[in-house]
Amino acid sequence: MYETILVPTDGSEQASAAIPHAFDLAGTYGATVHALCVVDRAATRQLAPTKAESTMEAVAEEARRVTREIADRAAEAGVDCVAVVEEGAPDDTILKYVDEHDVDMVVIGGRKRSATGKLLFGSVTQSVVLQADVPVTVVG
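FYI, in UniProt numbering the residues of the sequence shown are 1 to 140.
Right, here's the structure in full:
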């Protein structure tokens, strides 16, 4: 049923909440988890225009560290995992990755719960939920 499960991450606590759920699903279905961290070059340039290249390299290195850490956790859990870092707009890059890698399901972190207990979506999560052609599980 599910052979490839994508877990997009930015290293945040909210994104990390999705990882155990992805591992559980992968264990149940014998799927491979793809841990994807997207480095947004445009956003990095806006944050640090005078130091864009050095900042970009630091952001890319952090993305590699985050995805390696997820792959290590997957190995400990007995789950196959591919660690991937790509550049681009996060929502577009995630959706493109889904299409290009035959992803069967996306497990993504939600932002937080509101005062009324409703899960709030960040813009990337909302875009993936609305545009992905595969099931998307939001963990919050």
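Beta carbons: idealized from backbone N, C-alpha and C, even for Gly.
>> Considering Cα atoms alone, identify which of L95, P135, A42 and G109 is closest to S12.
In response: Taking only the C-alpha atoms, the option nearest S12 is G109.
> Thinking C-beta only, is R65 closer than 9 Å to F23?
Replying inline: no
>> Alpha carbons only, please: which of A89, T55, I5 and A132 is nearest the one belonging to D40?
In response: A89
> Candidates V82, T125, A71 and G78: which alpha carbon is nearest I94's?
Replying inline: T125
> So the beta strand (DSSP E) G109 belongs to, where does it begin and stop?
Replying inline: M105 to G109
>> Whole angstroms are fine: how far does the CA of M56 sit from the CA of V7?
In response: 22 Å
>> Could you check if V59 belongs to the surroundings of the ligand FMN, using beta carbon to heavy atom distance under 8 Å?
In response: No copy of the ligand FMN occurs in the structure displayed, which carries no ligand at all.
>> Measuring only the C-alpha atoms, how far is I19 from S54?
In response: 29 Å
>> Tell me which residues share the same chain as K118 and place their Cβ nearer than 6 Å to its Cβ, disregarding the 5 neighbours each side in the sequence.
In response: Bear in mind that the predicted position of K118 carries a pLDDT of just 49, short of 50, making it too unreliable to give a figure here.
> Is A71 near A63, with beta carbons less than 9 Å apart?
Replying inline: no
>> Beta-carbon within less than 8 Å of R68's beta-carbon, same chain only, minus the 5 sequence neighbours each way: which residues are those?
In response: A83
> Hey, T4 and C81: beta-carbon distance below 9 Å or not?
Replying inline: no
> What is the residue span of the alpha helix (DSSP H) that E100 lies within?
Replying inline: Segment P90 to E100, the alpha helix (DSSP H) holding E100.
>> In whole angstroms, give me the CA-to-CA distance for Y29 and S16.
In response: When rounded, the distance between both Cα atoms is 21 Å.
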